[in-house]
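To start, the structure itself, in structure tokens.
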Amino acid sequence: MDKFNFIDNQGAQIVNIKDYLYRIMASWKWFVAAIAIAMSIAYYINISTQKIYGLKTTIAVKEKQNPLFSSGTNIAFNWGGVSDKVESIRKALVSRSHNEKVVKELQFYIDYLKEGRFRKEDVYGMVPFKIKLQPNQYQLLNTLIKIEFVSDTSFNLSVDFNLEGDTKVYKLINYKNESIKDFKPETSVFSKTYSVDEYINLPFLKAQIIVTDNDKPLKGTSFYVKLKTINQVTSTYQQIRAKGLSGTSLIELSLTGANKNRLVDYLNKTVEVLAADELEQKTNYARSTKEFIDAQFKNTSDTLKLIEDNIGKFKQQNAIYDLSAQGSEIFSRTTDLDRMQKELIDRIEYFENLETYIKTHTDYTKIPAPAIINIEDASISEMVGELTKLSIEKEKLSKEVTTNHPSLKLVNQEIETTRAVLLENLSSLKAVTNIRLENSRKRLNSYNYKLNKLPNKEQKLINYQRKYNLTESNYVFLMQKRYEADIAIAASVSDISVLDSAKDTGQGAILPRKSFNYMIALLLGTILPLFVIIAIEILDSRIHSTEDIERITPIPILGVVGKNTAPNNLAVFLKPQSVVAESFRALRSNIQFLFARDTKHKSKTIVVTSSISGEGKTFVSINMATVFALGGKKTILVGLDLRKPKIFEDFEITNEIGVVNYLIAEESREAIIQKTKISNLDVITSGPVPPNPSELLISSATDELVNSLKEEYDFVIIDTPPVGLVSDAIELVKYADATIYVTRQNYTQKGMLKIINDKYQKEEISNISIVLNDFKVKSGYGYGYGYGYGYGKYANSYIESDKKSFLSRLFKRNRS
């Protein structure tokens, strides 16, 4: 005999895969239900989730200088070099102080809300009114204030304080200094009617409601106003994204939120505030320089006036009004030399200040530029610009790399080299300037010697004139610089320019992503049932189809029996035209092939057993006996399940005496045989439950009983105990000409067949076959067997269907 082995060939694997696919397809209702539920959830999420919009604006950051001035004369002179302006602007846009300023200007700490389907919706920019808070007053914080218009000119203001005993305390805020204090309302609900523009003077609110759109009817509309702290709102808008576009000086600002009007106003206002702040910072140097010049100009003006008065008095007192020819020449020469000396002294002073700054500082990004002097040597400007550039690069690298990084070390070396060269040039330039100053002083001394030879009155007049001319020259110079400073301030433009302002062009919401949610729902609705089905299949150890039996045992399948719809186990007798009855007739035909050739015309014994109780062993025994009896064969059904006798109930006979009484010699064989209402069918019940059923079954009396019955009956059907629970059935197999092993769909465990498999492989049992009981055709489980076991759809004309219409079943249920 071929031993049973699990089949591992590729064809079998393909069959297994097909079988799993059939089983998955058989659960299509679960997929439909899961997908429908998932789609419903996705639909609810799509309609209930707060819609989020995203808007953008793009700005350019480019340093713009006044073209009317050169680098040497412009009062807003910059040493030059590169700056990390784009990064600085980007950081400023997300800073707390900047966003706080924008929030205050837009008064975004005031929320305008309206009752929506799922939540209170933000309706900023869509309300026909605004609330004007009185400055430096305390206002109710984080509490809904309902404004319900009773007419176009009046409204009802109400607040539900929702007090919980005497412990509920609310907060009030003063937006001027952002101070907060506690407020304990006197009533749970406040309500009062006001006119539009009327001053609301309440302990928790001091404001006015001002209509902004007179074209919209207000009567019957209601809104909510909610006040927040500035810090609350600022932290929200600090989430603004400022992204520098690679390779350009452009910054893209993007902001997301539920209200497009707020997004538009905020993005445009943040750029406006940024441009104003940047322009103010840009002109700070010119403004501070102008302040310095104004102070010097006033002092010089006062000094010039004083000298002018002194000259006038001196001329009157000494009756001298004009200089001699020699005095005029000396005056002209000394005046030029005085002016030159002042310029050289100022230049040396700046060189010394610059030299001191470079020697005492390590950050060269803010080297002081000359305010009211001109630098003639271009190399100084170039080296200062280079030093500034390297310092900015060092500052940027220090944030990205460690101090020992080669790139940072290289920049430090370049800074030291440039610094040393600059100091050396400054020293040389200062020395040259000192020489020029010394030469001018020598020349001035020679003219002073000539001056001393003039009359005393003329000397004094020349000295007065020299002081006056020098002061006047300084006065004119300062006037020119002040004029330049005014022009620089007035003509300066912001380095921020808007390329693409924020605008509501009908952009759709970016959240929720409806298509994505539906796709995820479809995916989950497909995958989750699939996983559940696969998990059930993997964990399922029950027999569902004949294919399951074929895969785990080499024992042949005799046939399948459908679900019994009769009131008891006499299915063949009570419903002879049913599918179940026909399946037993098919079993009767198929079992003939199990009998040996020499027993063809002899009495035959059929043993019916199963793995455990509940698989339908007794049901199969009764109906196999019935189908043989109805076929004209003299048949007897013997109940040898001595532990749980059952068959007597269906035949409406007693179990007072039976096999046990015969085996213990209390009754004769004829006494224990009972007739049934089915012709040709007798029954021997089990009788009283004995204390030693196994010993009784293996006694010689059992042999005598079976042999005597075979002499009288054509078929002896033996109903035995389950082989998975006791060994009695194995002992009774020796009497069998054929053995039927009953399994039940969706009930019998696959592992239970191991016992009968072992017996079969060891050749301890022969002529055994399996019957699959309680079988119901389900798409996906089995595709070779059915109730008719081969009749298919053609059986409908000859076989009474067990299926009833929905209306019939409903009527029967209602009647019962």
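Residue numbers (my numbering): 36 to 851.
No residue lacks a Cβ here, since even glycine has one placed at the ideal position from N, Cα and C.
- Counting every other CB atom within 10 Å of its CB across the protein chains shown gives residue 380 a total below 16, marking it as exposed.
- Distances from the CA of residue 334 to each of 422, 388, 509 were compared; the closest alpha carbon is that of 509.
- DSSP places residue 630 in the coil class of the three-state scheme, outside both helix and strand.
- About 5 Å separates the beta carbon of residue 808 from that of residue 596, a gap short enough to meet the 8 Å contact definition.
- In the DSSP secondary-structure assignment, residue 423 is not bridged to any residue.
- Residue 180 carries a strand assignment under DSSP once its states are collapsed to helix, strand and coil.
- Annotation: residue 271 to residue 157 spans about 15 Å, alpha carbon to alpha carbon.
- In this chain, the alpha helix (DSSP H) harbouring residue 585 covers 581-587.
- Fully enclosed beta strand (DSSP E) runs of no fewer than 3 residues occupy 214-218, 224-230, 235-237 of the region 211-244, in order along the chain.
- The alpha carbon of residue 239 has as its nearest neighbour, out of 226, 248, 230, the alpha carbon of 226.
- In the three-state scheme derived from DSSP, where H, G and I count as helix and E and B as strand, residue 661 is classed as helix.
- Taking 8 Å as the cut-off, the beta carbon of residue 707 is found no closer than this to the beta carbon of residue 688.
- Note on residue 646: 16 or more other CB atoms within 10 angstroms of its CB, so buried under the neighbour-count rule.
- A distance of 8 Å or more separates the beta carbons of residue 242 and residue 139.
- Relative to residue 171, the option among 493, 529, 209 whose CA is nearest is 209.
- Distances from the alpha-carbon of residue 121 to those of 249, 769, 278 put 278 closest.
- Distance from the CA of residue 741 to the CA of residue 677, rounded to the nearest whole angstrom, comes to 16 Å.
- Bounds of the beta strand (DSSP E) holding residue 643 are 639-645.
- Between the C-alpha atoms of residue 132 and residue 265 there is a straight-line separation of about 11 Å.
- Distances from the alpha-carbon of residue 594 to those of 581, 698, 765, 323 put 581 closest.
- At the C-beta level, residue 429 and residue 446 come within 8 Å of one another.
- If you compare the alpha carbons of 743, 788, 737 with that of residue 763, the shortest gap goes to 737.
- In the DSSP assignment, residue 258 falls within the unbroken beta strand (DSSP E) covering 257-262.
- Pairing residue 704 with residue 662, the inter-Cα distance amounts to about 24 Å.
- Membership of residue 737 in the alpha helix (DSSP H) is indicated by the continuous run 735-747.
- Residue environment analysis places residue 391 among the exposed positions, since fewer than 16 neighbouring C-beta atoms fall within 10 angstroms of its C-beta.
- Burial state of residue 182 is buried, judged by a 10 Å Cβ sphere holding 16 or more other Cβ atoms.
- Residue 784 carries a strand assignment under DSSP once its states are collapsed to helix, strand and coil.
- In this structure, 733 is the residue among 733, 717, 789 with its C-alpha nearest to the C-alpha of residue 769.
- Residue environment analysis places residue 589 among the exposed positions, since fewer than 16 neighbouring C-beta atoms fall within 10 angstroms of its C-beta.
- Collapsing the DSSP output to three states places residue 621 in a helix.
- Taking residue 400 as the centre and dropping the five residues before and after it, the same chain places the C-beta of 423, 426, 427, 430 closer than 7 Å to its C-beta, in chain order.
- Residue pairing for residue 685: DSSP places it in no beta bridge.
- Between the region 521-532 and the region 338-352, the count of C-beta pairs closer than 8 Å stays below three; the two stretches do not touch.
- Taking residue 55 as reference, the option from 632, 664, 566, 86 with the minimal CA-CA separation is 566.
- Excluding the 5 residues flanking it on each side, residue 257 has same chain C-beta neighbours closer than 8 Å at 149, 150, 181, 182, 183, 184, in chain order.
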